[in-house]
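**Q** Here this note's numbering is used: the first residue of the sequence shown is 22, the next is one more, and so on.
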Amino acid sequence: MLIENESQIRLIAFISVFAVMAIWEFIAPYRHLRFTKLQRWPHQFMLIIIDSVVLKLVFPIAAVGIALWAASEGVGLLNQTPLDPWITIPLSIVLLDLAIYGQHRVAHRWNWFWRIHRTHHIDTDFDLTTGFRFHPIEMVISMLYKLLIIILLGAPAFGVMLFEIILSGSSLFNHSNIVLPKRIEPIIRGLVVTPEMHRIHHSTLPDEHNSNYGFFFSCWDRLFRSYSSQASNNDQTMPIGLEMMREPEDKRIDRILMIPFRRD
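#1: From the DSSP output, in three-state form, read off F245 for me.
#2: Just to confirm my understanding: we take A83, look at its own chain, exclude 5 residues before and 5 after, and list those with CB closer than 6 Å. What are they?
#3: Give the secondary structure of I261 by DSSP, where H, G and I count as helix, E and B as strand, and everything else as coil.
#4: List the DSSP bridge partners of S18.
#5: List the endpoints of the continuous alpha helix (DSSP H) containing K77.
#6: Assuming the contact rule is C-beta atoms closer than 8 Å, S197 and E229 should be a hit. Round their C-beta distance to whole Å, please.
#7: In this structure, how does DSSP classify F238 when only helix, strand and coil are distinguished?
#8: Check the DSSP bridge columns for E213 and list the partner residues they point to.
#9: So does the stretch 126-146 actually touch the stretch 206-219, counting three or more Cβ pairs closer than 8 Å?
#10: If you reduce the DSSP assignment to three classes, tell me which class V161 lands in.
#11: Indicate the three-state DSSP secondary structure (helix, strand or coil) for R31 in the structure shown.
#12: Just to check my reading of the structure: N231 and H129 have Cβ atoms closer than 8 Å, yes? What is that Cβ distance to the nearest angstrom?
#13: Mark G95 as exposed unless 16 or more other C-beta atoms lie within 10 angstroms of its C-beta, in which case mark it buried.
#14: Taking the Cβ atom as the reference point for each residue, do L149 and L193 lie within a distance shorter than 8 Å?
#15: Under 7 Å Cβ to Cβ from M259, same chain only, skipping five residues before and after it: list those, please.
#16: Contact defined as beta carbons within less than 8 Å: I believe A176 pairs with A88. What is the distance between those atoms, to the nearest angstrom?
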């Protein structure tokens with residue numbers, strides 16, 4: 022029943038997390054934003070709508086559908102093992118998160134991929150809408166990569182569904198313009214990526230935006246030596262984004278869609 026209603030469940034989860042983080046940002050914003058929500062949010066939302074339409078057109082059967090197919094055909098590592106679902110489901114979530122971490126590092130290393138991925142980084146403010154600011158080309162590449170990993174792993178469909186919910190929810194959370202209590206934040210950061218940790222990744226400084234690649238579990242950055250514990254500048258006032266496209270007109274959806282093709 023859960024898998025059959027996967028799209029609705031994911032949408033409800035997304036809206037719920039978005040509502041909670043948006044209210045939190047409104048009540049207690051951590052940073053003063055350079056541009057108003059009216060200047061940014063309509064274009065950020067237009068981008069996610071375009072992304073969703075493109076993905077639907079290119080991939081009629083998405084992640085959960087591929088996982089169901091792999092299970093029916095006995096394809097993939099986990100489909101070859103007699104492990105209990107209570108093991109394969111959390112294991113698949115951990116391994117999929119590791120795969121996304123690896124993809125994120127590559128997006129910063131390969132020049133052609135970086136030209137596309139910088140759509141995410143050019144945002145000069147840092148709030149929950151930054152969490153879904155990705156170019157449609159990157160969304161297609163990411164989905165192709167994710168489908169390949171799911172097939173190779175033989176990840177169970179329920180694990181894939183949970184991972185998709187976790188991935189979108191954590192992206193909203195760790196991009197949100199909030200601050201966690203100082204006593205609690207290090208404890209949470211010990212397991213998952215917090216806004217304080219991921220905000221460093223959106224610094225204008227290359228050494229900092231080339232660190233803290235994790236999306237959900239925070240351990241990968243420590244394990245693979247890409248971890249920055251704190252920003253070199255004041256976390257509340259440090260410049261966010263890149264040294265390009267920092268003007269109000271650069272927030273428009275037409276400018277955003279042209280980012281991969283700029284020669285900067």
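Ideal Cβ placement from N, Cα and C applies to all residues, glycine included.
Treat the numbers as computed from the prediction; the structure is a model and nothing was measured.
**A** The relevant details are as follows:
#1: Three-state result, F245: coil.
#2: Around A83: no qualifying Cβ.
#3: I261 falls in the strand class under three-state DSSP.
#4: The structure shown does not extend to residue 18, since the chain spans only 22 to 285, so no value can be given for it.
#5: Its alpha helix (DSSP H) spans residues K58 to V79.
#6: Contact between S197 and E229 does not hold, since the beta-carbon distance rounds to 19 Å and is not under 8 Å.
#7: In this structure, F238 counts as strand in the three-state DSSP scheme.
#8: Looking at the sequence shown, residue 213 is not Glu but Val. V213 pairs with F238.
#9: The stretch 126-146 is not in contact with the stretch 206-219.
#10: Of the three classes helix, strand and coil, the one that applies to V161 here is helix, per DSSP.
#11: In the structure shown, R31 adopts helical secondary structure according to DSSP, grouped into three states.
#12: At roughly 5 Å, the Cβ-Cβ gap stays under 8 Å, so N231 and H129 are in contact.
#13: Exposed is the label assigned to G95, since fewer than 16 other Cβ atoms lie within 10 Å of its Cβ.
#14: Yes, these two residues count as a Cβ contact at 8 Å.
#15: Taken in chain order, the residues that qualify are S224 and A252.
#16: A176 to A88, Cβ: 5 Å. Contact.
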